[in-house]
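Plus 75 on top of the position in the first sequence (first one is 1) and you've got the numbering used here. Yeah, the Cβ is synthetic: ideal placement off N, Cα and C, and Gly gets one too.
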Amino acid sequence: MIVKANNYFVGMIFKGNRLVKNTIPLKREEIFKFFNDEVINNPKEEYMEIAEIILKLYFGEMSDREAREIINYRLEVPNFTKKVLDIVKEIEFGEVLTYGDIAKKLNTSPRAVGMALKRNPLPLIIPCHRVVAKNSLGGYSYGVEKKKFILERERLNKRFMNMNK
DNA sequence: AGATTGAGCGGCA
DNA sequence: TGCCGCTCAATCT
76 MIVKANNYFV
86 GMIFKGNRLV
96 KNTIPLKREE
106 IFKFFNDEVI
116 NNPKEEYMEI
126 AEIILKLYFG
136 EMSDREAREI
146 INYRLEVPNF
156 TKKVLDIVKE
166 IEFGEVLTYG
176 DIAKKLNTSP
186 RAVGMALKRN
196 PLPLIIPCHR
206 VVAKNSLGGY
216 SYGVEKKKFI
226 LERERLNKRF
236 MNMNK
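Structure follows, in structure tokens:
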């Protein structure tokens with residue numbers, strides 16, 4: 076399903092009441108490039124709330140840690156991808172790791188780490204945007220500009236986030 | 001089952 | 001700087 080929240084569109088897939096996949100918030104003209112589903116007009120309140128949380132994550136107004144406590148999600152990925160994403164979950168708001176850092180921890184190659192991140196089904200909730208290349212931003216499925224935007228937002232809002240701890 | 005493909009990295013000139 | 005070779009899980013064919 077696609078849910079509209081504040082002029083943004085968020086794609087989500089639920090199994091039962093568990094979120095198993097989502098997109099980042101996108102404009103109407105962008106969303107269908109990444110997510111072929113129908114826009115729900117009057118979504119259930121709980122779906123609406125999750126879409127709004129994803130919007131807050133996008134604008135750096137909520138920590139991913141807090142979002143993971145609230146959202147009923149399930150991470151359905153192969154074993155190796157799971158290992159990579161478990162490390163990514165531990166990256167602090169406003170901080171970054173490199174592909175190589177994670178590769179070293181898992182005794183694998185940076186390319187393989189990139190492959191795993193590319194198929195993160197829960198972007199923003201699992202902050203794969205916080206993994207960058209050693210000498211550049213690295214890639215991002217939704218475009219590097221979006222990655223840059225999210226990281227910049229988090230950097231600016233970091234002080235605010237710490238105040239709420 | 002084998003070939004190709006990256007959201008990368010380090011070395012060398 | 002720029003190229004070249006290495007890497008390895010996932011995705012084709």
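Alpha-carbon to alpha-carbon, residue j and residue i
{"i": "phenylalanine 110", "j": "tyrosine 83", "result": "14 Å"}
{"i": "glycine 214", "j": "glycine 91", "result": "32 Å"}
{"i": "alanine 191", "j": "glutamate 127", "result": "26 Å"}
{"i": "asparagine 182", "j": "asparagine 232", "result": "34 Å"}
{"i": "asparagine 158", "j": "alanine 142", "result": "Asparagine is not the amino acid found at residue 158; the sequence shown has lysine there. If I take the Cα positions, the gap works out to 20 Å."}
{"i": "aspartate 161", "j": "arginine 103", "result": "31 Å"}
{"i": "lysine 204", "j": "isoleucine 225", "result": "Per the sequence shown, residue 204 should be read as histidine rather than lysine. Rounded to whole angstroms, histidine 204 to isoleucine 225 spans 8 Å at the Cα level."}
Spatially closest choice to residue i from the options, by CA coordinates
{"i": "proline 185", "options": "Glu167, Lys209, Ile166, Arg205", "result": "Lys209"}
{"i": "glycine 175", "options": "Val114, Gly86, Leu212, Leu199", "result": "Leu212"}
{"i": "arginine 194", "options": "Ile88, Lys180, Ser216, Val206", "result": "Ser216"}
{"i": "lysine 119", "options": "Met76, Lys96, Asp112", "result": "Met76"}
{"i": "methionine 236", "options": "Val207, Glu170, Lys221, Leu192", "result": "Glu170"}
{"i": "glutamate 144", "options": "Phe224, Ile125, Lys102", "result": "Ile125"}
{"i": "asparagine 154", "options": "Val188, Ile129, Ile166, Lys108", "result": "Val188"}
{"i": "arginine 234", "options": "Met137, Lys108, Ile177, Val95", "result": "Met137"}
{"i": "isoleucine 129", "options": "Glu113, Val207, Tyr148, Ile166", "result": "Tyr148"}
{"i": "methionine 221", "options": "Glu105, Lys96, Asn81, Leu94", "result": "Sequence inspection shows lysine at residue 221; the methionine mentioned does not correspond to that position. Here the closest residue by C-alpha is Glu105."}
Own chain partners of residue i with C-beta closer than 7 Å, once the 5 adjacent residues on each side are dropped
{"i": "arginine 228", "result": "Phe134, Gly135"}
Identified DSSP bridge partners for residue i
{"i": "asparagine 97", "result": "Met87"}
{"i": "tyrosine 148", "result": "Leu94"}
{"i": "alanine 142", "result": "Answer is none; alanine 142 lacks a bridge partner."}
{"i": "proline 198", "result": "Ile201"}
{"i": "leucine 172", "result": "Val206"}
{"i": "alanine 80", "result": "Tyr83"}
Proximal residues to residue i (C-beta, below 8 Å), its chain only, five neighbours per side dropped
{"i": "tyrosine 122", "result": "Met76, Val78, Met87, Phe89, Ile115"}
{"i": "aspartate 139", "result": "Leu132, Lys164, Phe168, Leu199, Ile200, Ile201, Pro202"}
Collapsed DSSP secondary structure at residue i in the structure displayed
{"i": "isoleucine 60", "result": "Residue coverage of the chain in this structure runs from 76 to 240, which leaves residue 60 outside it and unanswerable."}
{"i": "isoleucine 166", "result": "coil"}
{"i": "threonine 156", "result": "helix"}
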